[in-house]
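1 is the number of the first residue of the sequence shown in UniProt numbering; add one for each residue after it.
Remarks on the structure that follows.
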Amino acid sequence: MPEVEIPRADASLPAYLAVPDGGDSRPGVVIIHDALGMTTDLHRQADWLAGAGFVSLAPDLLHWGWRPRCVVAAMRALAAGRGRPFDEIESARTWLVARPECTGRIGVIGFCLGGGFAVLLAAGGNYQAASVNYGAVPDDADGLLADACPVVAGYGGLDRSVGDAPQRLEHALDANDISYDIRVYPDAGHSFLNDHPSGEMPWWAALPARFARAGYHDPSAVDARARIESFFHEHLDVTEPRS
């Protein structure tokens, strides 16, 4: 079943699992959602990556309480670089690595809030590739990303919420000789890869969305997905599956 429960010491972690067709072992991808959490769009992201050949796992990091409270807690953890979301993401990663369908090589992809997590996770040594989509980049990125995995990133040129994040990310990766592919889409705003049904947009997210010119932008999304697929295949595919 697509809905799974990842066991943890305190409480299980709900997640959505999408597995490619066929019986061969494939690389895995952990998907970190935006501030809306487990949505129709998140399921579609996992299904897209599974269709591209990756065992895809999307944990729900907002499962434990009132969603705005969980979002604030996640933002604080992101600023601190530690906390419950990081622990739960690591539980998801280790669970995915142990799956028989997975080769053990893992990528991470994040959107908005999740994009910020993807930046930090790229530096942790547990992933072989990271996809950062309109995620925040910390001021100390040059030092933080000294040993980062390869990074593919996408930002919207109309997005007023990310500031100079694309430039700071590129500078940090250049400074550390990390392989990357970063693109700013001039006609796209924030969340251009996320096609949320209107009924799933909560009231507390509407004003930030307008400020960031948020919304799905198909031409940019099509190009970004192709770049992500190609980058992940380049860095995650292996010749022989794990024994």
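Don't be surprised by glycine CBs; every beta carbon is placed ideally from N, CA and C.
Contact check for G154 and Y185: beta-carbon distance about 7 angstroms, within the 8 angstroms limit, so the pair qualifies. Taken atom to atom, the span from the alpha-carbon of H217 to that of Q45 is near 15 angstroms. With fewer than 16 other beta carbons inside 10 angstroms of its own, P197 counts as exposed.
By the CB criterion at 8 angstroms, L144 and P150 fall outside the cutoff. Relative to the Cα of S12, the nearest Cα in the group A92, L49, P20, S179 belongs to A92. A contact is defined here as three or more CB-CB pairs under 8 angstroms, and the segment 88-102 meets this definition with respect to the segment 50-58. For C112, the closest of P208, D223, W48, I6 by C-alpha to C-alpha distance is P208. Beta-bridge partners assigned by DSSP to A130: V108, V151.
Between the segment 19-33 and the segment 101-120, the count of C-beta pairs closer than 8 angstroms reaches three or more; the two stretches touch.
Y16 is not a Cβ neighbour of E5, given a cutoff of 8 angstroms. By the beta-carbon neighbour count (other beta carbons within 10 angstroms, threshold 16), D24 is exposed. The continuous beta strand (DSSP E) containing A18 extends over residues 13-18. Residues of the same chain with a CB within less than 8 angstroms of the CB of N176, apart from the 5 flanking positions on each side, are D142, L145, A146, D147, A148 in chain order. Within the DSSP bridge table, the entry for D41 names no partner. Using a 10 angstroms sphere on the CB of R8, the tally of other CB atoms stays under 16, which defines it as exposed.
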